[in-house]
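Residue numbers for the sequence shown follow UniProt numbering, beginning at 1 and rising by one.
We put the beta carbon where it would ideally sit given N, CA and C, even for glycine.
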Amino acid sequence: RAIRDVYKRQVFEFVADRGDVADEELYRTFNMGMGFVAALAPDDAAALADATDGKVVGHVTEGTGVATDGLELD
Numbered sequence: 001r002a003i004r005d006v007y008k009r010q011v012f013e014f015v016a017d018r019g020d021v022a023d024e025e026l027y028r029t030f031n032m033g034m035g036f037v038a039a040l041a042p043d044d045a046a047a048l049a050d051a052t053d054g055k056v057v058g059h060v061t062e063g064t065g066v067a068t069d070g071l072e073l074d
């Protein structure tokens, strides 16, 4: 549910500024360019991140939706 380390690509800053697009819409529509996401146990996530070009970007908590950058997304 919680993503704490989103890699923000400059193209989305451009779209937000030029298109007057809210962050909520960028997350919903484009997933902020996160690409492939795997939900793993913490130890497995760290091992996968170490073995690949990946990184741990968040954690799962009880609840609904996604919380990131102070936004609550359904």
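What is the DSSP secondary structure of GLY19, counted as helix, strand or coil?
-> Taking the first residue of the sequence shown as position 1, residue 19 is located at position 19. Here GLY19 sits in helix by DSSP.
What is the DSSP secondary structure of ALA39, counted as helix, strand or coil?
-> The residue you call residue 39 lines up with position 39 of the sequence shown. For ALA39, the three-state secondary structure derived from DSSP is coil.
Do you know offhand how far ARG18's Cα is from PHE12's?
-> Start at 1 with the first residue of the sequence shown, and residue 18 comes out as number 18. Start at 1 with the first residue of the sequence shown, and residue 12 comes out as number 12. Whole-angstrom Cα-Cα distance: 10 Å.
Thinking C-beta only, is ALA45 closer than 8 Å to VAL60?
-> Your numbering for residue 60 matches position 60 in the sequence shown. Your numbering for residue 45 matches position 45 in the sequence shown. For VAL60 and ALA45, no; Cβs fall outside 8 Å.
Same chain, Cβ closer than 8 Å to ALA16, neighbours up to 5 away in sequence not counted = Stepping through the sequence shown from its first residue, residue 16 is reached at position 16. Cβ within range, chain order: ALA22, ASP23 and LEU26.
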